[in-house]
């Protein structure tokens with residue numbers, strides 16, 4: 001009701017303002033001509049007074065009267081012509097036309113707009129996200145729903161089907177064989193039997209017990225998500241939580257955590273998670289293409305309109321890069337590291353980055369023996385991460401390793 005009241009009030013105010021301007025314009029010429037006539041008649045009277053007082057010569061007075069008379073005739077002509085120039089729609093026609101425009105605009109809004117649609121403040125959007133999160137289907141129901149929407153699987157290759165039967169029989173006869181279970185989980189996934197794949201992976205984790213790694217749990221979560229058609233169920237979320245508990249840096253688990261947040265209607269939190277993955281790399285990680293395809297839209301939804309994704313070329317040297325450089329000649333190693341360092345340095349200067357990026361840059365400069373530059377970067381990092389002791393300590397550790405900080 002408030003929306004319609006304000007809309008009608010604003011529309012009427014605009015219509016009245018336009019009508020007032022129109023009506024003023026219709027009679028603008030006639031009042032101007034009438035004003036000129038009054039001025040010219042006053043000038044004639046003033047001439048007569050000046051002539052009577054002797055301050056104006058008769059010849060000059062006659063010339064002035066002739067000029068004023070000519071102007072009076074022109075003003076009379078303009079006054080007579082003013083109604084013809086102002087001929088146009090009368091006020092009633094304008095009122096009817098305005099009413100039709102207003103009625104038409106409301107009709108168009110009723111057809112194309114969303115009458116009655118309430119506002120969505122931030123608190124309400126968060127509450128809706130929590131409702132979606134709480135209403136997620138359990139794993140079994142999610143798989144059933146996914147199966148209804150999946151296209152029929154192509155006929156299985158007879159040779160592959162025979163090999164899979166043999167593998168299943170072998171694992172069944174040796175249920176405590178971890179290598180067999182790992183092989184079974186991988187091959188069930190390869191032929192599209194994701195349910196059987198994650199069940200085999202779950203048995204593998206149970207056999208490993210405390211020796212199961214974060215990567216083992218991340219693989220289980222991924223298979224469960226694939227079986228559910230890409231939906232992160234509560235059961236899959238619990239597995240992801242365990243994977244991140246064992247390995248907080250696990251890229252696969254962090255990717256699917258961000259996917260779950262996106263499905264729950266929290267693109268802002270997805271952006272935070274995926275931004276870290278994108279900046280850390282490596283570029284050949286399987287989650288990098290989907291993140292790169294979505295990060296710009298996520299940044300916009302998160303309110304980070306000025307965000308620019310880091311390019312692959314601007315990424316600094318990772319631990320794998322540094323290890324690979326160890327097999328090179330000293331000259332080739334320095335060229336490779338220096339190129340990566342300069343790209344990382346340019347990105348941090350222009351876009352900023354995480355504490356891991358700053359630590360990587362300081363470490364790489366230490367390898368190159370550029371301790372002065374590393375010291376300057378460390379000084380800058382102290383200002384940037386002053387409010388985050390954990391991040392600052394991470395960069396300080398790199399500075400100590402580079403010989404910059406004692």
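In my numbering, the protein residues as written are 1 to 406. Even glycine gets a Cβ: it sits at the ideal position worked out from N, Cα and C.
Three-state secondary structure assigned by DSSP to residue 194
Translated into the one-based positions of the chain shown, residue 194 becomes position 194. Residue 194 sits in a helix when the DSSP states are folded into three classes.
In three-state DSSP terms, what is residue 5?
Counting from 1 along the chain shown, the entry for residue 5 is found at position 5. Of the three classes helix, strand and coil, the one that applies to residue 5 here is helix, per DSSP.
Would you mind giving the Cβ-Cβ distance between residue 404 and residue 354, rounded to the nearest angstrom? I have them listed as a contact below 8 Å.
Along the chain shown, read from residue 1 onward, the residue named residue 404 stands at position 404. Along the chain shown, read from residue 1 onward, the residue named residue 354 stands at position 354. Not confirmed; about 19 Å, so no contact.
Cβ shell of residue 267 (< 7 Å), same chain only, five flanking positions each side left out:
Along the chain shown, one-based indexing puts residue 267 at 267. The beta carbon of residue 267 sits closer than 7 Å to the beta carbons of 298, 301 and 302 from its chain, once the five residues preceding and following it are set aside; these are given in chain order.
Residue range of the alpha helix (DSSP H) that residue 159 falls in?
Locating residue 159 in the chain shown gives position 159, counting from the first residue. Residues 158-173.
When the distance is taken between beta carbons, is residue 374 closer than 8 Å to residue 402?
Translated into positions along the chain shown, residue 402 becomes position 402. Translated into positions along the chain shown, residue 374 becomes position 374. Result yes, Cβ atoms of residue 402 and residue 374 sit closer than 8 Å.
Coil, strand or helix - residue 286 by DSSP
Within the chain shown, the letter at position 286 stands for residue 286. Residue 286 falls in the coil class under three-state DSSP.
Between the Cα of residue 195 and those of 47, 226 and 46, spot the shortest distance and give me the residue it belongs to.
Numbered from its first residue, the chain shown carries residue 195 at position 195. Here the closest residue by C-alpha is 226.
So, with DSSP's three-state summary, where would you put residue 130?
Within the chain shown, residue 130 is the residue found at index 130, counting from 1. Assignment of residue 130 by DSSP, reduced to helix, strand and coil, places it in the helix class.
Just to confirm the assignment: which complete alpha helix (DSSP H) runs, minimum length 4, are found wholly within the region 226-259?
234-246, all fully within the region 226-259.
Can you tell me where the alpha helix (DSSP H) holding residue 366 begins and where it ends?
Here the question's residue 366 lines up with position 366 in the chain shown. Residue 366 -> alpha helix (DSSP H) spans 355-367.
In whole angstroms, give me the CA-to-CA distance for residue 145 and residue 359.
By 1-based counting over the chain shown, the position of residue 145 is 145. By 1-based counting over the chain shown, the position of residue 359 is 359. Taking the straight line joining both Cα atoms gives about 46 Å.
Less than 7 Å separating the Cβ of residue 64 from some heavy atom of the ligand HEM?
Ligands are entirely absent from the displayed structure, and the ligand HEM is therefore not among its contents.
Below 8 Å on the Cβ atoms is my guess for residue 224 versus residue 236; work out the distance and round it to an integer in Å.
Here the question's residue 224 lines up with position 224 in the chain shown. Here the question's residue 236 lines up with position 236 in the chain shown. Indeed, because the Cβ distance is near 4 Å, the residues count as touching under 8 Å.
Cβ-based burial, residue 110 [other Cβ within 10 Å; buried from 16]
Here the question's residue 110 lines up with position 110 in the chain shown. Its Cβ having fewer than 16 others within 10 Å, residue 110 is exposed.
Does residue 345 come out as helix, strand or coil in the three-state DSSP assignment?
The residue labelled residue 345 in the question sits at position 345 within the chain shown. DSSP places residue 345 in helix when its eight states are reduced to three.
Looking only at its chain, what residues have a beta carbon closer than 8 Å to the beta carbon of residue 138, apart from the 5 residues adjacent to it on each side?
If you number the chain shown from 1, residue 138 lands on position 138. Residues of the same chain with a CB within less than 8 Å of the CB of residue 138, apart from the 5 flanking positions on each side, are 233, 234 and 235 in chain order.
Alpha carbon to alpha carbon, how far is residue 256 from residue 349? Give it in angstroms, no decimals.
Within the chain shown, the letter at position 349 stands for residue 349. Within the chain shown, the letter at position 256 stands for residue 256. Residue 349 and residue 256: Cα-Cα distance of roughly 30 Å.
According to DSSP, is residue 370 part of a helix, a strand, or is it coil?
On the chain shown, residue 370 is found 370 positions in, with the first residue counted as 1. The answer is coil: DSSP assigns residue 370 none of H, G, I, E or B.
Count the other C-beta atoms from every protein chain shown that fall within 10 angstroms of the C-beta of residue 86, then say buried if there are 16 or more, exposed otherwise.
The residue you call residue 86 lines up with position 86 of the chain shown. Below a pLDDT of 50, predicted positions are generally treated as unreliable, and residue 86, at 47, falls in that range; the measurement from the model is reported next regardless. Counting the other Cβ atoms within 10 Å of the Cβ of residue 86 gives fewer than 16, which makes it exposed.
Helix, strand or coil: how does DSSP classify residue 306 here?
Your numbering for residue 306 matches position 306 in the chain shown. DSSP, read as helix, strand or coil, puts residue 306 in coil.
Thinking just about the alpha-carbon of each residue, which of 341, 365, 343 and 261 is nearest to the one in residue 129?
As a working note, residue 129 is residue 129 in the chain shown. Checked all of 341, 365, 343 and 261; the closest Cα to residue 129 is 261.
Give me the residue from 383, 164, 329 and 369 with the minimum Cα distance to residue 352.
For the purposes of this step, residue 352 is identified with residue 352 of the chain shown, where counting begins at 1. Looking at the Cα atoms, 383 is the closest of the given residues.
Determine whether the beta carbon atoms of residue 274 and residue 258 lie at a separation below 8 Å.
Taking the chain shown and counting its residues from 1, one reaches residue 274 at position 274. Taking the chain shown and counting its residues from 1, one reaches residue 258 at position 258. Contact flag set, yes.
Whose C-alpha, out of 249, 204, 46 and 164, is nearest the C-alpha of residue 188?
In the chain shown, the residue the question calls residue 188 occupies position 188. Distance from the Cα of residue 188 is smallest, within the candidate group 249, 204, 46 and 164, for 164.
Please state the DSSP three-state secondary structure of residue 405.
Here residue 405 corresponds to residue number 405 of the chain shown, with the count starting at 1. If DSSP states are grouped into helix, strand and coil, residue 405 belongs with coil.
Rounding to the nearest angstrom, what Cα-Cα distance links residue 30 and residue 77 in this structure?
Here residue 30 refers to the residue found at position 30 of the chain shown. Here residue 77 refers to the residue found at position 77 of the chain shown. Residue confidence is low: residue 30 scores 49 on pLDDT, short of 50, so the model does not pin down where it sits. Its coordinate-derived value is still stated next. Distance between the alpha carbons of residue 30 and residue 77: 10 Å.
Kindly give me the distance between the Cβ atoms of residue 64 and residue 47, rounded to whole angstroms, as I take these residues to be in contact under 8 Å.
The sequence position of residue 64 within the chain shown is 64, counting from 1. The sequence position of residue 47 within the chain shown is 47, counting from 1. 6 Å between Cβ atoms; contact.
Smallest Cα separation from residue 99: which of 343, 391, 19 and 43?
The residue labelled residue 99 in the question sits at position 99 within the chain shown. Minimum Cα-Cα distance from residue 99 among the listed residues 343, 391, 19 and 43 corresponds to 19.
Run through DSSP, which three-state label would residue 213 get?
The count along the chain shown starts at 1 and reaches residue 213 at position 213. DSSP places residue 213 in coil when its eight states are reduced to three.
To which residues of the same chain is residue 11 closer than 7 Å at the C-beta, ignoring the five residues directly before and after it?
By 1-based counting over the chain shown, the position of residue 11 is 11. Correct list, in chain order: 102.
Secondary structure of residue 389, DSSP reduced to three states
One-based indexing of the chain shown puts residue 389 at position 389. Per DSSP, reduced to three states, the secondary structure at residue 389 is helical.
Distance, residue 15 Cα to residue 43 Cα
Within the chain shown, residue 43 is the residue found at index 43, counting from 1. Within the chain shown, residue 15 is the residue found at index 15, counting from 1. Roughly 42 Å separates the two Cα atoms.
Is the separation between the beta-carbon of residue 228 and that of residue 201 shorter than 8 Å?
The residue given as residue 228 occupies position 228 in the chain shown. The residue given as residue 201 occupies position 201 in the chain shown. Judged by beta-carbon spacing, residue 201 lies beyond the 8 Å limit of residue 228, meaning their Cβ atoms are not closer than that value.
Given a cut-off of 8 Å on the beta-carbon distance, is the pair residue 279 and residue 248 in contact?
As a position in the chain shown, residue 279 is number 279, starting the count at 1. As a position in the chain shown, residue 248 is number 248, starting the count at 1. No. Outside cutoff.
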